[in-house]
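**Student:**
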Amino acid sequence: MSYKNITILGETILPGESKTINMEIARLHTMTKLKVPIIIERAEEDGPVVLFTASIHGDEINGTEIVRQLIVRKINKPKRGTIICIPVVNIFGFVNKSREFPDGRDLNRVFPGSQRGSLAGRFAWHLFREIIPNVDYCIDYHAGGASRFNAPQIRIVPNNPDLKALADVFNAPFTLYSKNISGSFRNACGRLGVKILLYEGGKSLDLNRDVTQAAVRGTKRFLNHLDMLNPKKKFKPAPTPSVYIERSAWVRATYSGLFQNRTPTGKLVEKGEAIALITDPFGDFEHVVKAPHRGYIINSNDAPIVYQGDAIFHITMKLTEQ
Numbered sequence: 112m113s114y115k116n117i118t119i120l121g122e123t124i125l126p127g128e129s130k131t132i133n134m135e136i137a138r139l140h141t142m143t144k145l146k147v148p149i150i151i152e153r154a155e156e157d158g159p160v161v162l163f164t165a166s167i168h169g170d171e172i173n174g175t176e177i178v179r180q181l182i183v184r185k186i187n188k189p190k191r192g193t194i195i196c197i198p199v200v201n202i203f204g205f206v207n208k209s210r211e212f213p214d215g216r217d218l219n220r221v222f223p224g225s226q227r228g229s230l231a232g233r234f235a236w237h238l239f240r241e242i243i244p245n246v247d248y249c250i251d252y253h254a255g256g257a258s259r260f261n262a263p264q265i266r267i268v269p270n271n272p273d274l275k276a277l278a279d280v281f282n283a284p285f286t287l288y289s290k291n292i293s294g295s296f297r298n299a300c301g302r303l304g305v306k307i308l309l310y311e312g313g314k315s316l317d318l319n320r321d322v323t324q325a326a327v328r329g330t331k332r333f334l335n336h337l338d339m340l341n342p343k344k345k346f347k348p349a350p351t352p353s354v355y356i357e358r359s360a361w362v363r364a365t366y367s368g369l370f371q372n373r374t375p376t377g378k379l380v381e382k383g384e385a386i387a388l389i390t391d392p393f394g395d396f397e398h399v400v401k402a403p404h405r406g407y408i409i410n411s412n413d414a415p416i417v418y419q420g421d422a423i424f425h426i427t428m429k430l431t432e433q
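Counting from 1 along the sequence shown, just add 111 to a position and that's the residue number in the numbering used here.
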């Protein structure tokens, strides 16, 4: 029987092997080494190669926790094929609890990178040269930024039946149709034929158990669909189908002040429903924020202080059936 050859950073991973390969692109300015562990589990039986990535933005640590749980619970040990886990892609930002690379660039806007470009660009280039050519499927785990909490959701490009089918299988509480952004990891993977789902949940510099568990359960369903889930691992079908979203809109603060969010993320709200309160610090006014239309709240601002024009809620506008 012939097997697909898998070689990463000069190391070949044979059927039945487990390996951790450290990728080192650059050191800190103190000359301290920073290595990115790439954790690879290959079954005896050949099959697809699946990549799980997190912390492309270094402050989105909930994704790291998701991939960590896949590892410690041995969900990453496949029945067939290969599973590659990179719990922390942007190790520089992770160390600094920062979204960006030390060069100030957003790693998720420079893919597929450049061999002679910026530090972020060089890192992206190595990732796409050494790892992505081996990959058939990918789930990239993210979180909301700037104190904005995302309801657990999968994002896929519209009009792609293959990704729609995988999103159905993952069955997150919400699935958003969103176009790829130039320079993003998702866009670059798609151009190379990698079938990629982007998972969003929670917020930066925060760990949330519900968000983590929704991702782990969805990932198990995903692996089971590919006939890769270890038979020792059980999975549960989702109790309700994912809510598919074609359009959504931001609600922005019309006043600056103290922000009191009264509505949990994920809730279905009605037009005119009171969803938050903005007050001044001195007791002069209280402004009630009302839902502009019926829809689900898929993102909310957890900041205690907001300025006029700040995005405070993201509410769905158009839903579709599965």
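All C-beta atoms in this analysis are idealised placements derived from N, C-alpha and C, irrespective of residue type, glycine included.
Can you list, in chain order, the stretches of the beta strand (DSSP E) that have 3 or more residues and sit fully within the stretch 138 to 179?
**Tutor:** Fully enclosed beta strand (DSSP E) runs of 3 or longer: 147 to 153, 160 to 165.
**Student:** Have a look at P348 and P392 and give me their C-alpha separation to the nearest angstrom.
**Tutor:** On the sequence shown, position 237 is the one that residue 348 refers to. On the sequence shown, position 281 is the one that residue 392 refers to. Roughly 48 Å separates the two Cα atoms.
**Student:** Quick check: L287 and K208, are their CB atoms within less than 9 Å of each other?
**Tutor:** On the sequence shown, position 176 is the one that residue 287 refers to. On the sequence shown, position 97 is the one that residue 208 refers to. No, they are not a contact pair.
**Student:** If I follow the unbroken alpha helix (DSSP H) through A276, where does it start and stop?
**Tutor:** The residue given as residue 276 occupies position 165 in the sequence shown. Run containing A276: 272 to 281, per the alpha helix (DSSP H) assignment.
**Student:** Would you decide whether T131 is buried or exposed? Buried here means 16 or more other CB atoms lie within 10 Å of its CB.
**Tutor:** Position 20 of the sequence shown holds residue 131. Exposed is the call here.
**Student:** What is the residue span of the alpha helix (DSSP H) that R233 lies within?
**Tutor:** Along the sequence shown, read from residue 1 onward, the residue named residue 233 stands at position 122. 230 to 241 is the extent of the alpha helix (DSSP H) around R233.
**Student:** Shortest alpha-carbon distance to G326 belongs to which of V362, V280, G232?
**Tutor:** Residue numbering aside, residue 326 sits at position 215 when the sequence shown is read from its first letter. The sequence given here places Ala at residue 326; Gly does not occur at that position. It is V280 whose Cα lies nearest to the Cα of A326.
**Student:** Check each candidate in S293, G312, V246, R216 and name the one with the smallest Cα separation from G256.
**Tutor:** Locating residue 256 in the sequence shown gives position 145, counting from the first residue. Ranking S293, G312, V246, R216 by Cα distance to G256 puts G312 first.
**Student:** From L369 to G383, what distance separates their C-alpha atoms?
**Tutor:** Residue mapping note: residue 369 aligns to position 258 of the sequence shown, counting from 1. Residue mapping note: residue 383 aligns to position 272 of the sequence shown, counting from 1. Those two C-alpha atoms are separated by around 21 Å.
**Student:** Any chance the stretch 199 to 208 sits against the stretch 150 to 162, with 3 or more Cβ pairs inside 8 Å?
**Tutor:** Result no; under three Cβ-Cβ pairs closer than 8 Å.
**Student:** With distance defined between alpha-carbon atoms, name the residue in E357, T351, N173, T330 nearest to K344.
**Tutor:** Translated into the one-based positions of the sequence shown, residue 344 becomes position 233. The option with the nearest alpha carbon to K344 is T330.
**Student:** Check this for me: beta carbons of A385 and R373, under 9 Å apart or not?
**Tutor:** Counted from its first residue, the sequence shown places residue 385 at position 274. Counted from its first residue, the sequence shown places residue 373 at position 262. Yes, these two residues count as a Cβ contact at 9 Å.
**Student:** What are the partner residues of R328, as DSSP defines its beta bridges?
**Tutor:** As a working note, residue 328 is residue 217 in the sequence shown. DSSP lists no partner for R328.
**Student:** Note the first and the last residue of the continuous beta strand (DSSP E) segment covering R210.
**Tutor:** Here residue 210 is taken as the residue at index 99 of the sequence shown, counted from 1. Segment: none, R210 is in no beta strand (DSSP E) and carries neither H nor E.
**Student:** Count the other CB atoms within 10 Å of the CB of D273; is the residue buried (16 or more) or exposed (fewer)?
**Tutor:** Position 162 of the sequence shown, counted from the start, is the residue given in the question as residue 273. So D273 ends up on the exposed side.
**Student:** Give the straight-line distance between the Cα atoms of D413 and E171, rounded to the nearest whole angstrom.
**Tutor:** Within the sequence shown, the letter at position 302 stands for residue 413. Within the sequence shown, the letter at position 60 stands for residue 171. For D413 and E171, the distance between alpha carbons rounds to 15 Å.
**Student:** So the beta strand (DSSP E) A387 belongs to, where does it begin and stop?
**Tutor:** For the purposes of this step, residue 387 is taken as the residue at position 276 of the sequence shown. Element bounds for A387: 385 to 390.
**Student:** Taking three-plus beta-carbon pairs below 8 Å as touching, is the stretch 296 to 307 in contact with the stretch 238 to 256?
**Tutor:** Yes, since at least three Cβ pairs between the stretch 296 to 307 and the stretch 238 to 256 fall closer than 8 Å, the two stretches touch.
**Student:** Alpha carbons only, please: which of F222, F234, L388 is nearest the one belonging to A137?
**Tutor:** Residue 137 sits at position 26 when you count from the first residue of the sequence shown. Nearest C-alpha to A137: F234.
**Student:** What's the C-alpha gap between P189 and R328?
**Tutor:** Within the sequence shown, numbered from 1, the residue matching residue 189 stands at position 78. Within the sequence shown, numbered from 1, the residue matching residue 328 stands at position 217. For P189 and R328, the distance between alpha carbons rounds to 16 Å.
**Student:** Under the DSSP definition of a beta bridge, which residues are partnered with M134?
**Tutor:** The residue you call residue 134 lines up with position 23 of the sequence shown. According to DSSP, M134 bridges with V147.
**Student:** Report the rounded CA-to-CA distance for Y114 versus P223, giving the unit in angstroms.
**Tutor:** Here residue 114 refers to the residue found at position 3 when the sequence shown is read from its first residue. Here residue 223 refers to the residue found at position 112 when the sequence shown is read from its first residue. Distance between the alpha carbons of Y114 and P223: 28 Å.
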